[in-house]
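Notes to accompany the following structure.
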Amino acid sequence: MDHLDLSPVTTVGGDVRLPGSKSISNRTLLLAALAEGDTRIDELLESDDTQVMLEALDRLGVRITRDAARSVTVRGCGGRFPNTQADLFLGNAGTAFRPLTAALAVLGGDYRLAGVARMHERPIRDLVDALRQIGAKIEYSGKEGYPPLRIAEGSIFLPSAVRVRGDVSSQFLTALLMALPLLGHRARIEVIGELISKPYVAITLNMLERFGVQVEREGWSAFTIPASVHYKSPGHIYVEGDASSASYFLAAGALGGTRGGGPVRVHGIGRESFQGDVRFVEVLQRMGAAVRMGDNWIEAGPTGRSAQSKLDAVDIDLNAMPDAAMTVAILALFARGSSVLRNIGSWRVKETDRIAAMAAEMTKVGAEVEAGADYLRVTPPAAFQPAAINTYDDHRMAMCFSLIALAGVPVRIHDPGCVAKTFPEYFEVFAGICRSA
């Protein structure tokens, strides 16, 4: 469908089983493919982004069998893909495109990597420059500094340190951390500038350790991969729920609806989660929501205030949780006073320019928004206005703006199918916790 109309929501409440984490799912698939031995992966995310990774691995000769819904077994190829020639289409999946680029460049072969038009607008020069430092042979097939790419056989060597910028995307560092262990030699990576989105690098380090590679870290500025390491299957991995997706339901629980409601409990993440976006609950608490947590669940609801009370405004650095930060922007529309979201410059190079897109669409519902190079200042509407929201082929735009229905106004979401990138059933699950007049 080209649009979806959401009715005003009066109350919310209930339980949600989260889909698997996109970041963990695609990292796990690639590491399992490169490891020695078979890996069974349970609760794997079923979405567009994981599908393009699965299809790419299939083209590279990796054997993957479907065991059940959300469960696959990957036959590891022991550090070298069987097929040394392939054309790979990777959609708009940065978690597939960047790590595969690095792994294929290190291993060598004849590969072409492409994606949708937006992927060809997302910068990759910093990763390519870092890989060229070790002798990788990579050419741009279109605009310099951007996909699509052509990878050929290079003469790989390791300098004293591989240097990569950290202030555009943490996925460039992640890609190097996942690829360099394939060489079997000591490798040092040094980060130029401030590393953004550190929790996503922490996910990478956690996954590497599960597959037998322990990386030495000097703060967030240097990383050393020991010599003579190689990936070994842990045998079985369970993918925890997606913390970014959890933010929409926890936000709904905190807002409650126009007549009061909540709480909403999400299952699949909890106090044991190693995803950075789980810290979204700290923002909820700071804004005045009531939050409870267990080992594998989180629950959010309004405080003891009246149903008509609002959240507290915030002035907050959200560099560590760029995806959940979009949900914070929506919550700012329901706050008392203006909020400032800082250090979100990475939004500019995501699925769309999210700073510009969020500013444009929040203005439609009546907010005053000031958009800077790496910040948003949001002043809530005096009264919410019904709006038709453009989603820019960005799944998180669609999911975020569904929450506007909790303000008691109808909202139209254009291109709702874009949520298939990470959460195909989002609107059905969202409807399951909502009650309308």
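In short: position in the sequence shown from 1, add 879, done, that's this note's numbering. No residue lacks a Cβ here, since even glycine has one placed at the ideal position from N, Cα and C. Given the structure is predicted, the values throughout are model-derived calculations rather than measurements.
Span of the beta strand (DSSP E) around residue 1288:
As a working mapping, residue 1288 is identified with position 409 in the sequence shown. Taken as a continuous stretch (DSSP letters only), residue 1288 belongs to no beta strand (DSSP E), as it is neither H nor E.
Residue 1180 and residue 1132: beta carbons closer than 8 angstroms?
Locating residue 1180 in the sequence shown gives position 301, where the first residue counts as 1. Locating residue 1132 in the sequence shown gives position 253, where the first residue counts as 1. Yes, these two residues count as a Cβ contact at 8 angstroms.
Check for me: the beta strand (DSSP E) holding residue 1180 runs from which residue to which?
Along the sequence shown, one-based indexing puts residue 1180 at 301. Where residue 1180 is concerned, the enclosing beta strand (DSSP E) stretches over 1176-1180.
Would residue 1168 pass as an interface residue toward chain C - the criterion being a Cβ-Cβ separation below 8 angstroms?
This model lacks chain C altogether, as it is built from one protein chain only.
Take the Cβ of residue 1114 as the centre, count every other Cβ of all protein chains shown within 10 Å, and call the residue buried at 16 or more, exposed below.
Counting from 1 along the sequence shown, the entry for residue 1114 is found at position 235. Residue 1114 is exposed by the Cβ-count criterion.
Please state whether the Cβ-Cβ distance between residue 1002 and residue 941 is less than 8 angstroms.
Mapped onto the sequence shown, residue 1002 falls at position 123. Mapped onto the sequence shown, residue 941 falls at position 62. For residue 1002 and residue 941, no; Cβs fall outside 8 angstroms.
Buried or exposed: residue 1274, going by 16 or more other Cβ atoms within 10 Å of its Cβ?
Within the sequence shown, the letter at position 395 stands for residue 1274. Answer is buried; the Cβ neighbour count reaches 16.
Terminal residues of the continuous alpha helix (DSSP H) containing residue 1274?
Taking the sequence shown and counting its residues from 1, the one referred to as residue 1274 is at position 395. Segment 1274-1280, the alpha helix (DSSP H) holding residue 1274.
Where residue 1312 sits in the DSSP three-state scheme
As a position in the sequence shown, residue 1312 is number 433, starting the count at 1. Three-state result, residue 1312: helix.
Can you find the residues in the same chain that come closer than 6 angstroms, C-beta to C-beta, to residue 1211, ignoring five residues on each side of it along the sequence?
Residue mapping note: residue 1211 aligns to position 332 of the sequence shown, counting from 1. Same-chain partners within the cutoff: 1218 and 1257.
Residues near residue 1248 in its chain [Cβ-Cβ closer than 6 angstroms; skip 5 each side]:
Within the sequence shown, the letter at position 369 stands for residue 1248. Result list for residue 1248: 1238, 1241, 1242 and 1257, in chain order.
Alpha-carbon to alpha-carbon, residue 1236 and residue 949
What you label residue 949 is simply residue 70 of the sequence shown in a count that begins at 1. What you label residue 1236 is simply residue 357 of the sequence shown in a count that begins at 1. When rounded, the distance between both Cα atoms is 32 angstroms.
Extract the residue ranges of the beta strand (DSSP E) inside the segment 1006-1091, only unbroken runs of 3 or more that lie entirely within it.
1016-1019, 1028-1031, 1041-1044 and 1066-1071
Name the DSSP beta bridge partners of residue 915, please?
Here the question's residue 915 lines up with position 36 in the sequence shown. DSSP lists 1111 as partners of residue 915.
Classify residue 906: buried if its beta carbon has 16 or more other beta carbons within 10 angstroms, exposed otherwise.
The residue you call residue 906 lines up with position 27 of the sequence shown. Looking at its Cβ environment, which holds 16 or more other Cβ atoms inside 10 Å, residue 906 is buried.
Distance check for residue 1034 and residue 1146, CA to CA, integer angstroms please.
Numbered from 1 along the sequence shown, position 267 holds the residue referred to as residue 1146. Numbered from 1 along the sequence shown, position 155 holds the residue referred to as residue 1034. Each residue's Cα considered, the two are about 48 angstroms apart.
With DSSP collapsed to three states, give me the class of residue 1123.
For the purposes of this step, residue 1123 is identified with residue 244 of the sequence shown, where counting begins at 1. Correct three-state label for residue 1123: helix.
Identify, in the order they occur along the chain, each residue of the same chain with its Cβ nearer than 6 angstroms to the Cβ of residue 916, setting aside the five sequence neighbours on each side.
Here residue 916 is taken as the residue at index 37 of the sequence shown, counted from 1. Around residue 916: 955 and 1112.
What are the boundary residues of the beta strand (DSSP E) that includes residue 1233?
Sequence index remark: in the sequence shown, residue 1233 carries index 354 (1-based). Looking at the DSSP string, residue 1233 is not in any beta strand (DSSP E); the run it does join, the alpha helix (DSSP H), is 1233-1243.
Pairwise C-alpha distance: residue 1155 and residue 883
Within the sequence shown, numbered from 1, the residue matching residue 883 stands at position 4. Within the sequence shown, numbered from 1, the residue matching residue 1155 stands at position 276. Spanning the two alpha carbons is a distance of roughly 31 angstroms.
Given residue 928 as reference, the closest of 1310, 1024, 1300 and 1151 once Cα atoms are compared:
Reading the sequence shown from its first residue, position 49 is the one you call residue 928. Comparing Cα positions, the closest option is 1300.
To the nearest whole angstrom, what separates the beta carbons of residue 898 and residue 1124, a pair I think is in contact under 8 angstroms?
Mapped onto the sequence shown, residue 898 falls at position 19. Mapped onto the sequence shown, residue 1124 falls at position 245. Contact holds; Cβ gap of about 6 angstroms.
Which residues in the same chain have their Cβ closer than 6 angstroms to the Cβ of residue 1267, if we skip the five residues on either side of it in sequence?
Along the sequence shown, one-based indexing puts residue 1267 at 388. Once the five neighbours on either side are set aside, the close Cβ partners of residue 1267 are 1291.
Would you mind stating whether residue 1214 and residue 1192 have Cβ atoms separated by less than 8 angstroms?
What you label residue 1214 is simply residue 335 of the sequence shown in a count that begins at 1. What you label residue 1192 is simply residue 313 of the sequence shown in a count that begins at 1. It is a contact, given that the beta carbons lie within the stated cut-off.
Counterpart residues of residue 990 in DSSP-defined beta bridges:
If you number the sequence shown from 1, residue 990 lands on position 111. In the DSSP output, where bridge partners are listed per residue, residue 990 has 965 and 1030.
Top-ranked residue by Cα proximity to residue 1074, from 1043, 1060, 1056 and 1094
As a position in the sequence shown, residue 1074 is number 195, starting the count at 1. Nearest option by C-alpha distance: 1043.
For residue 1099 and residue 1227, I'd like the C-alpha separation in whole angstroms.
Residue numbering aside, residue 1099 sits at position 220 when the sequence shown is read from its first letter. Residue numbering aside, residue 1227 sits at position 348 when the sequence shown is read from its first letter. Looking at the two C-alpha atoms, the distance is approximately 23 angstroms.
Every unbroken beta strand (DSSP E) within the segment 1129-1177, with a cutoff of 3 residues, ordered by chain
1143-1146 and 1169-1172
Assuming residue 895 contacts residue 1128 (C-beta within less than 8 angstroms), just tell me the rounded distance between them.
Walking along the sequence shown from the start, residue 895 turns up at place 16. Walking along the sequence shown from the start, residue 1128 turns up at place 249. About 5 angstroms separates the two Cβ atoms, so the contact holds.
Residue nearest to residue 926 in terms of C-alpha spacing, selected from 1067, 918, 903 and 939:
Numbered from 1 along the sequence shown, position 47 holds the residue referred to as residue 926. When each option's Cα is compared against that of residue 926, the closest is 903.
Which parts of the segment 916-940 are runs of the beta strand (DSSP E), unbroken and 3 residues or longer, counting only runs that do not cross its ends?
917-921
Straight-line gap, residue 1186 to residue 961 (C-alpha atoms, nearest Å):
What you label residue 1186 is simply residue 307 of the sequence shown in a count that begins at 1. What you label residue 961 is simply residue 82 of the sequence shown in a count that begins at 1. In this prediction, residue 1186 scores a pLDDT of 43, lower than 50, which makes its location untrustworthy; the coordinate-derived value is nonetheless stated afterwards. Approximately 60 angstroms, taken between the alpha carbons.
What is the rounded straight-line gap between the Cα of residue 1065 and the Cα of residue 1109?
In the sequence shown, counting from the first residue as 1, residue 1065 sits at position 186. In the sequence shown, counting from the first residue as 1, residue 1109 sits at position 230. Roughly 11 angstroms between the two C-alpha positions.
Could you round the C-beta distance between residue 876 and residue 1162 to whole angstroms and report it? I think they count as a contact, below 8 angstroms.
Since the displayed the chain opens at 880 and closes at 1316, residue 876 lies outside it and no answer follows.
Residue range of the unbroken beta strand (DSSP E) whose run includes residue 1104
Walking along the sequence shown from the start, residue 1104 turns up at place 225. First-last of the beta strand (DSSP E) with residue 1104: 1101-1104.
Could you compute how far the alpha carbon of residue 889 sits from the alpha carbon of residue 1170?
Your numbering for residue 889 matches position 10 in the sequence shown. Your numbering for residue 1170 matches position 291 in the sequence shown. Taking the straight line joining both Cα atoms gives about 21 angstroms.
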